[in-house]
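> So that we are looking at the same thing, I have put the structure below in structure tokens.
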Amino acid sequence: MEYNDLGDEIDGLIQTIQVKNFLCHDNLIIDLHKSNIHWVYGRNGSGKSAILTALIVGLGGKAAATRRGNNIQSFIKKGCNYATIEIKIKNSTNKSYNHDRYGDHITVIRKITTAGSSYIVKSATGEVVSTRYAEISNIMLALEIQVDNPISVLNQDEARTFCNIDPKKMFTLFRRATNLDLSESNYNKVLDNCRMAIAIKTEKERTCAQLEKEFKGWENKYRQLLSRNEMKIQIQALKKELVWSEIADLEFERQSLNDQIDLQKRKCQKISDKLTTMDKDFDGNRNIIETLKQRLQENDREKTSLEAEKRAIEEEIRNVQVTHRNAQRATAKKREQLDKEMRKIADFEHEIRNIESGAEAGRRDALERRAGEAREAERAAAARVATAEHRVEQAAAQLERAQALAARDDAERRDLQERCEKLRRSQQELQARGGDPLAAWGELVGALRRRVQQAVERRHFSQPPLGPVGYYLRLKDQKWGNALEHIIGNMKTTFCVNSPADSRKLFEIMQEVYGNKPKPSVTCSRFLATRHDVSRRRVQAHPCALDVLDVQNPVIANFLIDNLSLETVLLVPDQEEAIRRADTEANVPLNCSKIVTEDCMEFYPAPNYRSYGGDPRRLGHHYLHLSTEDGERRLREAVARADEAHRAQAERARAARGDEQRAAREAREAGAALQALLAARLECERELRAAERARDLHRSPQHDELEKELNVTRQVVETLRAELEETSTAENKYVQKIGEHEAKVKQIKTKLDALADVSRKLYEEITQEQSKVDNGVAKRQNYERVLKEHQDGLVHIRDKLTHQEGLISKAVNKALATGPRVDNPRDQKTLQELLQETRIKLKAVDSLSLDMETVSTEMARSEEEYTNLKELLTKFSELIEETKCSIDARLKFCYQLEIQITRRVQFCFGSILAAHGYNGRVDVKHSSGELTLQLSGRDGSRRTQSAAALSGGERSYCTVALLLALWECVELPFYFLDEFDVFTDAQVRKIMVELLLDFARRHPSRQFVFLAPARPHARALAADAALELHRLEDPRP
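Residue numbering for the sequence shown follows numbering that gives the first Met the number 0, starting at 0 and increasing by one per position.
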């Protein structure tokens, strides 16, 4: 309820109320023109309700309506013999009542005496305009003032029982407040007047018919007298013309046959041209297919070339790796040699020192034992290294397989996750749009349809566009849902328009709605009221794709027939049945262009037999459902299946990643073990070399020889260091070269992936073009059959033409013997009727005994009377038709307005109650004329069927809620409420006051006067500067 009244000012507001000697007041003036919200308060007995009574009585209300007395004399203050009520009413807007007479306000004065009462109506200048109550009634009707309606003026007694008013009376008050009863009364009056006019028109039409008959009778007699000799000549001429009319009919039939021949020729030529165009299109499609195949071959050749290049580079990488490993081994060997020579130098130096010191005696046997033990240890280490190298190779292969499997499972998991998210978005969107059947097609489609409907209402389209196509389709058998959605494909989102102009307008609307997003396609074809007759082209087997669709709209049905030829598509349950019907020409049903199975496999029949597999990812996801609930259920099922598949795939991906991690860990462990064994093996080899060198040195104890060998070994060391530096440099070059080759291989792999995508797209395009060719072949066969039928019809028509020319020749020769040819003869029926009529007239003229002057005078008189009455009836009929159209449109508008107002009241009442924890609704029965309330307590535990079972405070709150709901839907100038807060506690009273003041603030053009024993709470006073307080004096003791 966020409606704000921002309209212009209205008339009918009460500016002042002044009473004298009325009930408890001697002389009281209430000024209400400074603000639109007034709060009148005072102690009980201070005269608050008297103000409300004065308003009702002063504007012509009866004493019983106030519930304060049985007659108006009872309102005169005790001790006085008269009372006066003066009410000033606003009358200053452009919709004022007789502003030229009354001015900006109207003053109504009612004087009550013991003998009766009288009225005075004054203008703004004080001039007395009227003293009749009828004028006050006219003012109240024009300004929509209803003082006897509790919706506008609610006294304290009705405030207590307002919710319990009789349902029929409540409905009457509601209709009166909304002026619906006045509209109905005016409608009935106009309807009665229209019936009376029709009765008068009918009577006048009978009189007009009699005048017309009289006029034609005199006119006929006049003509008969003028044309006695002419009629005799006319009879002879009519006989000759009748003969030539027969010949003209034969010639017309001959011309009709010639026209049929020309039409058949044009049809044959048109179909021949269509076949020629189709041949060109076939050639174009075949050329496109050949071009695509050539591009595919070129793509394959490039792919083959890149794969060969990749294999060559990989071979080069392997060769360089082999060379690199050889270089590594050479470096290691040089390093070992260098180490060996360095140890030899150390050994030589040590031996020389030993020889010089004489401390080497007795070590030979120990060195022999040491060399033997080192040799055995080196052999054992080499065997362990070979075993470890084999394990490392196995671990590397296992790691590569695990990485490939993990990458594949992870990619499938991401695909399934994206599908789940997409399905959830579709489900959320469908749920957000409630029962809207367009929700399954996306939010933008619903917005597009609404924009199109607005354009249709503004007559921007020659025919309302239809779309999306799938929205108009329903399945007769749900098992064919996958197959039909596969056949229709993206065309289910297409929109159909009647003309190119409609197409351009629809594209403009799509651009506004979709922006840069992909838009639905649009097809333009003139809308026909009937479906195409496909009985002769339909596949001679059941069911065809068109049979399982329930298509009520003929435009949508014609679209499917023209663009997809669904009448030629056969549906079968499984692959075996499809193969049986498609593999040989003898088994192919007549007119069958394609066979589709339940799992969306396509089979094109012999002699061009081929098949294509369906897409399993599309199974189970339909747009062609029977209802929005069915669509939601299927989306829930699809989401559940997708979630289950995603969880299973995620589990498989986690397992694959675990396998990959285990394989990587095992590879690292095997590599570490191999490095440790290699280190141990090197240590064993060094130990062996050291032992053998020590043993050999003991065999050459000569000091000079050792010095010589030491010098030679030092030279070898220098040479080995230089060679080691060269081999290290070469090894680094090999590493760099391997990196360059691997980068090239990566680039080639990227190119190969791109080429694979291109190949896949080319293959799809080839498949689509081939499908077009196949569809074109079926259409060509149909056109050839139609051409044969037209050619056979042309031969038959030519035979009929030859026979007709023979008849014409005989008839012409016979007619020429009686006289010259009569050009443009009339038809035989007309001539025969004229001939008979002329003979009768001639006979009648011979029997007449009237003179020309009498006949002329009577004919002129009857013609004038007939013409005048006919013109009058024509204008009268037009007026009646205009009146009928006007009252029908008015009745339809009133019905719609009544329904809208009812829904608004129901919505506002429920919203106000729900905002503070209450539950309830308004039931309006227009057929029986009842308005009832269905309410329950605030705690929800007490369920009642009427307001009578609620507590007093709850009834007061429901009364305010009902009044606010009704105020939202009526436009009365003022609202007076007297002691509306009875039986309420402070908290409920605070809520009620805030609701009323909030409503008053949002409707500044209306007037609100609240009468209560106490002031409003401080928060309400602080929040509303427009609230004007009026305190009445305490009652006299």
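A virtual CB, placed ideally from N, CA and C, is assigned to each residue, including glycine.
What residues match up with I16 in a beta bridge as DSSP calls it?
Its beta-bridge partners are I29, I86.
> Between L447 and the rest of its own chain, which residues show a CB-CB distance below 7 Å, the 5 nearest in sequence each way excluded?
So the list reads I508, M509, V512, once near-sequence residues are dropped.
> So if DSSP puts E1027 in a beta bridge, which residue, or which two residues, is it bridged to?
DSSP output for E1027 lists H37 as bridge partner(s).
> Keeping to the same chain, check which residues put their C-beta closer than 7 Å to that of A556; ignore five residues upstream and five downstream.
Hits under 7 Å: R530, V550.
> Within 10 angstroms of its Cβ, does P819 collect 16 or more other Cβ (buried), or is it exposed?
It counts as exposed.
> From the DSSP output, which residues share a beta bridge with T596?
Partner(s): V571.
> Going by the CB atoms, is the gap between R889 and S1044 shorter than 9 Å?
The shown model of the chain, from 0 to 1036, leaves out residue 1044, and the question about it has no answer.
> Does DSSP put N562 in a helix, in a strand, or in coil?
Helix, per DSSP.
> Rounded to whole angstroms, what's the CA-CA distance from E665 to D409? Just pull it up for me.
The straight-line gap from Cα to Cα measures roughly 22 Å.
> Assuming R473 is part of the beta strand (DSSP E), what are its boundary residues?
Its beta strand (DSSP E) spans residues 472 to 474.
> Of the choices I119, R1035, Q296, T567, whose alpha-carbon is the least far from that of T130?
The candidate whose alpha carbon is nearest that of T130 is I119.
> With DSSP as the reference, label S1004 as helix, strand or coil.
Of the three classes helix, strand and coil, the one that applies to S1004 here is coil, per DSSP.
> Within 10 angstroms of its Cβ, does G480 collect 16 or more other Cβ (buried), or is it exposed?
Buried.
> Where DSSP assigns a beta bridge to H104, which residues make up the other side?
BP columns for H104 point to K89.
> Any contact between the region 955 to 974 and the region 987 to 996? By contact I mean 3 or more CB pairs, one from each, below 8 Å.
Touching, per the Cβ criterion.
> Please work out which residues of its chain come closer than 7 Å, Cβ to Cβ, to R42, disregarding the five sequence neighbours upstream and downstream, and give them in chain order.
Cβ within range, chain order: P1012, D1033, P1034.
> Quick one, are the C-beta atoms of I879 and C207 less than 9 Å apart?
Contact flag unset, no.
> What's the gap between the Cα of G619 and the Cα of A637?
At G619 the pLDDT is 47, less than 50, meaning the model places this residue with poor confidence and gives no usable figure here.
> Use the C-beta contact count for G805: other C-beta atoms within 10 angstroms, 16 or more gives buried, fewer gives exposed.
So G805 ends up on the exposed side.
> Take G738 as the anchor and find which of G283, A198, I316 has the nearest alpha-carbon.
Closest option to G738, Cα to Cα, is I316.
> Let me know the secondary structure DSSP gives S304 once reduced to three states.
Three-state result, S304: helix.
> Under 6 Å Cβ to Cβ from L930, same chain only, skipping five residues before and after it: list those, please.
Once the five neighbours on either side are set aside, the close Cβ partners of L930 are P166, M169, F170, F173, V923.
> Do K516 and L443 come within 9 Å of each other at the CB atom, strictly closer than that value?
Taking 9 Å as the Cβ cut-off, L443 and K516 qualify as a contacting pair.
> Where do the ends of the alpha helix (DSSP H) carrying I119 lie?
Here I119 belongs to no alpha helix (DSSP H); instead the beta strand (DSSP E) covers 115 to 121.
> Candidates L723, A777, C907, L1026: which alpha carbon is nearest A329's?
The candidate whose alpha carbon is nearest that of A329 is L723.
> Go through its chain and collect everything with a Cβ distance to P588's Cβ below 7 Å, but skip five positions before and after it.
So the list reads V538, Q539, A540, L569, R580, once near-sequence residues are dropped.
> Going by beta carbon distance, what residues of the same chain come within less than 7 Å of A605, once the five residues before and after it are set aside?
Here the set comprises A581, D582, T583, E584, V587.
> What number of angstroms, rounded off, separates the C-alpha of K842 from the C-alpha of I886?
Going by the C-alpha atoms only, they are around 55 Å apart.
> To the nearest angstrom, report how far apart D30 and H915 are at their CA atoms.
Using only the alpha carbons, I get a separation of about 35 Å.
> What residue does the alpha helix (DSSP H) around F506 start on, and which one ends it?
499 to 513 is the span of the alpha helix (DSSP H), which, as asked, contains F506.
> Does the distance from the C-beta atom of A82 to that of K19 stay below 9 Å?
In contact: A82 and K19 (Cβ atoms closer than 9 Å).
> Let's test the definition: count the other Cβ atoms within 10 Å of the Cβ of A63 and tell me whether it reaches 16, buried, or not, exposed.
Under this definition A63 is an exposed residue.
> Let me make sure I understand the geometry here. Which of I487, P1015, N154 has the alpha-carbon closest to that of Y471?
Residue I487 is the option with its Cα nearest to Y471.
> Curious, which full-length alpha helix (DSSP H) runs of at least 4 residues does the region 761 to 848 contain?
With a minimum length of 4 residues, the continuous alpha helix (DSSP H) runs that stay inside the region 761 to 848 are 827 to 846.
> What does the alpha-carbon distance come out to for the pair A669 and I747?
Cα to Cα, A669 sits roughly 32 Å from I747.
> Going by the CB atoms, is the gap between R66 and I84 shorter than 9 Å?
No. Outside cutoff.
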